[in-house]
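Student:
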Amino acid sequence: MAANTTIPHDIMLNIFSRLPAKSICRFRCLSKLWSRIFSTTYFLNSVNSQLHRKPDEQSVIFITRPREIIKTIDKIQLNAVSRTIDFKPSHGWFKILGSCDGLILLQTFECRVFLINPVTVEILEVPPATENRIRTHKYGFGYDPWNDEYKIVEARYSMPFVEKSKMAVEVYNVKQRVWKRVEDSPFIPSPSRYSHSAYLNGKIHWLVEKTVEAGDGYSTIAAFDLASEAFKEIPLPSGISLNRIIWQCKLVVFEGWLCIVESKCDSKNDIWIMKQYEVAESWTKYTFFGDFFGKNLKPLCSIKDDEMLLSSLNKLQVYNFNELSLRDAVIDAGPHTVVYDEAWPFVGSILSPSVGSRLSE
């Protein structure tokens, strides 16, 4: 008769920590014991330390109208809606401002800001910044790996552009629950509604105009380091049209690369990819042919070695590099209109937005 064997507790937790975030949430509901086990500091730290080791779990989050519902889809099974979050601020309209480690930054019509986890359905409202919000503002959200803290950046500036104008910057430390004013910046982000920040390597990036003491200034990429809470410049590709970059280009992160989407009115769009971070010579241009819609084009993620998932106006599309072909991705969004210019890639996690860090103490 075979002897009964028991899996050691630490090995069992290590195995469970490798499960998808959605599976962990389901196991938590089985019993109070499972809920306690999956809520221990040791287990949470084990799961969160593997956030970027599960590329197949990458999803895409988007919004439907007129009823404001957040939905997510698996990047492999594009026709499978995996989660619906009925998020209801006091006024229905809201938009996605950023995504990092499975946490989504949202802003409502009333300029209220929220951090949510679409997997655990946890929601944290962010208090207003300390200064006046009347001016034009942009947001960024990301992780400070040096201090193990998630931070939100609010940049405020005046429109239209004024010579020698400055951008006021405040940083919200989610872990400490405080806003902090940092030094004003000469960088002015694009006011286009299609222009968002891009988080990569502990920095938040914007396409900007830099104001100078004399002259008309110039276009560049501003990178805000979340650890030092200071800006630096990243060079643009030498072949890009500088006179249209603020209004006709979009900055995104695709598969760990910083990218600029140069949208055009015809059926051709250029995507510049920085293959080596901060190395100007590594910018590489790829031209896409297809029925795209101008400034709405946004690369989201790879779904195969030779295919890329894109959002374009009210469509999700798949581009095949070998065939230079474009096809629509069929998504079951129910009776609602899908707003794909609000689509963002993200990896599911069990991070709590209220904790503000990856590692629990």
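Using the UniProt record's numbering, the first residue of the sequence shown is number 1, and each one after it goes up by one.
Virtual Cβ for every residue (Gly too), placed ideally from N, Cα, C.
Between H205 and A230, is the Cβ-Cβ spacing less than 8 angstroms?
Tutor: As a position in the sequence shown, residue 205 is number 205, starting the count at 1. As a position in the sequence shown, residue 230 is number 230, starting the count at 1. Result no, Cβ atoms of H205 and A230 do not sit closer than 8 angstroms.
Student: Could you tell me which of M167, P127, I152 and P118 sits nearest to T136, measuring between CA atoms?
Tutor: Within the sequence shown, the letter at position 136 stands for residue 136. It is M167.
Student: Nearest-angstrom Cα distance between F346 and I37?
Tutor: Counting from 1 along the sequence shown, the entry for residue 346 is found at position 346. Counting from 1 along the sequence shown, the entry for residue 37 is found at position 37. Each residue's Cα considered, the two are about 26 angstroms apart.
Student: Spatial neighbours of S17 within its chain, please: C-beta separation below 7 angstroms, excluding the five flanking residues on both sides.
Tutor: By 1-based counting over the sequence shown, the position of residue 17 is 17. Result list for S17: F43, S46, V47 and Q50, in chain order.
Student: Give me whichever residues DSSP pairs with P235 in a beta bridge.
Tutor: By 1-based counting over the sequence shown, the position of residue 235 is 235. Answer is none; P235 lacks a bridge partner.
Student: Could you name the residues that DSSP lists as bridge partners for P189?
Tutor: Here residue 189 refers to the residue found at position 189 when the sequence shown is read from its first residue. According to DSSP, P189 bridges with V208.
Student: How would you label L324, buried or exposed, when you count the other beta carbons within 10 angstroms and need 16 or more for buried?
Tutor: The residue given as residue 324 occupies position 324 in the sequence shown. Flag for L324 reads exposed.
Student: Span of the alpha helix (DSSP H) holding R36?
Tutor: Taking the sequence shown and counting its residues from 1, the one referred to as residue 36 is at position 36. From DSSP, the alpha helix (DSSP H) with R36 extends over K32 to I37.
Student: Give every residue of the same chain whose Cβ lies closer than 7 angstroms to the Cβ of N14, excluding the five residues on either side of it in the sequence, and list them in chain order.
Tutor: The sequence position of residue 14 within the sequence shown is 14, counting from 1. The residues are S46.
Student: Taking M286 as part of the alpha helix (DSSP H), name the residues at either end of that continuous run.
Tutor: Locating residue 286 in the sequence shown gives position 286, where the first residue counts as 1. Reading off the sequence, residue 286 comes out as Tyr, not Met. Not the alpha helix (DSSP H): Y286 falls in the beta strand (DSSP E), residues W283 to F289.
Student: Which partner residues does E149 have in the DSSP bridge list?
Tutor: Translated into positions along the sequence shown, residue 149 becomes position 149. Its beta-bridge partners are D144.
Student: So, is Q107 buried or exposed, given that buried needs 16 or more other C-beta atoms within 10 angstroms?
Tutor: In the sequence shown, the residue the question calls residue 107 occupies position 107. Buried.
Student: Would you list the one or two residues that DSSP bridges to K298?
Tutor: Looking up residue 298 in the sequence shown gives position 298. Paired residues: S311.
Student: Leaving out five residues on either side along the sequence, give the residues of the same chain with a beta carbon under 6 angstroms from the beta carbon of F254.
Tutor: Taking the first residue of the sequence shown as 1, we reach residue 254 at position 254. Answer for F254: P299, listed in chain order.
Student: Can you tell me the Cβ-Cβ gap for Y139 and V153, rounded? I've got them flagged as a contact below 8 angstroms.
Tutor: Numbered from 1 along the sequence shown, position 139 holds the residue referred to as residue 139. Numbered from 1 along the sequence shown, position 153 holds the residue referred to as residue 153. About 7 angstroms; that satisfies the 8 angstroms criterion.
Student: Report yes if the C-beta distance between P353 and L97 is below 8 angstroms; otherwise report no.
Tutor: Translated into positions along the sequence shown, residue 353 becomes position 353. Translated into positions along the sequence shown, residue 97 becomes position 97. Contact flag unset, no.
Student: What are the boundary residues of the beta strand (DSSP E) that K95 is part of?
Tutor: On the sequence shown, position 95 is the one that residue 95 refers to. From DSSP, the beta strand (DSSP E) with K95 extends over F94 to C100.
Student: Figure out for me which residue from R181, W272, E278 and V178 has the closest Cα to the Cα of K203.
Tutor: Against the sequence shown, residue 203 aligns to sequence position 203. With distances taken between Cα atoms, K203 lies closest to E278.
Student: Do I188 and T220 come within 8 angstroms of each other at the CB atom, strictly closer than that value?
Tutor: To locate residue 220, count along the sequence shown from 1; it is residue 220. To locate residue 188, count along the sequence shown from 1; it is residue 188. Going by C-beta atoms, T220 is not nearer than 8 angstroms to I188.
Student: In or out: V119 buried (at least 16 other Cβ within 10 Å) or exposed?
Tutor: Reading the sequence shown from its first residue, position 119 is the one you call residue 119. Under this definition V119 is a buried residue.
Student: With distances taken from CA atoms, which of N322, I303 and E183 is nearest V60?
Tutor: Translated into positions along the sequence shown, residue 60 becomes position 60. The residue with the shortest Cα to Cα distance from V60 is I303.
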